[in-house]
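Here the structure comes first, spelled out in structure tokens, and everything after it is commentary.
Chains as they are written, first to last, in my numbering: chain A, 94 to 274; chain B, 1330 to 1521.
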């Protein structure tokens, strides 16, 4: 696959993700979440507006809104995958992107399970790093493998997860044996 | 949202860009915008992980305003733009004065219960928030029969958030990364 083809594939994932996000969203929350994503209101204002139109606990409201916001962030990242980006940064590392009171500490075990499920195609066994088109990303978000998975092949992979992507340079990906140097 | 211009013009680049047709110029700008957006995204993530001082002090859950900020890249044959959608991001460029919108005073949270929650939200959830006579704060009673109340918001006509130059990457870093993206584009033979 050429850099340009990979770039287009990642854009297709972004488009599909945006459509899926819109389909699953409570319509009454959409304009509020749009304002949240656009940085037009703080969390206090957003919670107040959301609670007025969507009957749910604060935890559930936060979950819906923050999941949408994290998805929007990831979709923006996927949309930035130009041929040059995938050539110079061919892989992603799974890293903690947000603090949690009680962080889930099973991501290495999940990585192992997802890697085994996909034959470690384009993925490291010793580090949470994989090529941008590795099937391990889809496996991490696959509800048939992980009960709390969302069905995304991009962060957030699981309910309430703060794990996200950090780009990995071609030099580092070569050191890890993922690409030729 | 914040505006920050980064000038990456160099005589060599200018000469090459001038020879590009509009389509190639748009591709080059797209590469630069993508590089800047990724640089900003990486920076915000690492900044946010180490800057939860206020929430930590109050024993509250961080709002995630920065770590989940949406960063978008736009470009055409004329140039490239990257937007960062995060409240208060303008602090990166200088002190930011905030004033109340559609109300008399800002309500600055000073307790875990009020952090990330508005007065109306707390009242809607059965918390009796009140302003003691003559005081510039709002309080509530954990136990309605108690004579003691807890201060949960400070009222202020305005507040100034201090300049946080480290909130965004330095201009020099952005310029260097943008230049690297441009060089890579050209080295790949796209400017031939």
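Each residue gets a CB set at the ideal place from its N, CA and C atoms; glycine is no exception.
For residue 211 (chain A), the three-state secondary structure derived from DSSP is coil. Under the three-state reduction of DSSP, residue 94 (chain A) is assigned to coil, being neither helix nor strand. Per DSSP, residue 1439 (chain B) lies in no alpha helix (DSSP H) and is assigned neither H nor E. Going by C-alpha positions, residue 1413 (chain B) is about 35 Å away from residue 213 (chain A).
DSSP, read as helix, strand or coil, puts residue 1427 (chain B) in strand. Using a 10 angstroms sphere on the CB of residue 1338 (chain B), the tally of other CB atoms stays under 16, which defines it as exposed.
One finds 175, 176, 177, 178 in chain A with Cβ atoms closer than 9 Å to the Cβ of residue 1360 (chain B), taken in chain order. Distance between residue 1506 (chain B) and residue 1458 (chain B), taken at the CA atoms: about 50 Å. With a cutoff of 9 Å on beta-carbon distance, residue 1400 (chain B) and residue 1498 (chain B) are scored as not near each other.
At a C-beta separation below 7 Å, residue 1400 (chain B) has these neighbours in chain A: 169. About 6 Å separates the beta carbon of residue 1490 (chain B) from that of residue 1417 (chain B), a gap short enough to meet the 8 Å contact definition. The DSSP-derived three-state label of residue 1514 (chain B) is helix. Membership of residue 146 (chain A) in the alpha helix (DSSP H) is indicated by the continuous run 136 to 146.
Look at residue 1403 (chain B) here: in three-state DSSP terms it is strand. Contact annotation: in the stretch 1417 to 1437 of chain B, residues whose CB is within less than 8 Å of a CB in chain A are 1418.
Restricting attention to A:255, A:123, A:94, A:203, the CA atom closest to the CA of residue 235 (chain A) is found in A:203. Minimum Cα-Cα distance from residue 260 (chain A) among the listed residues A:120, A:184, A:172, A:240 corresponds to A:184. Using beta-carbon distances, residue 1457 (chain B) does not count as an interface residue toward chain A, since no partner is under 9 Å. Residue-level contact by beta carbon fails for residue 1492 (chain B) and chain A, as no gap is shorter than 9 Å. Per the C-alpha coordinates, the member of A:267, A:139, A:155, A:145 positioned closest to residue 253 (chain A) is A:155.
Chain A places a beta carbon closer than 9 Å to that of residue 1445 (chain B), counting this residue as a contact. At a cut-off of 4 residues, the continuous stretches assigned as alpha helix (DSSP H) that sit fully inside the stretch 250 to 274 of chain A are 263 to 268. If you draw a 10 Å sphere on the C-beta of residue 1397 (chain B), you find 16 or more other C-beta atoms in it, and that means buried.
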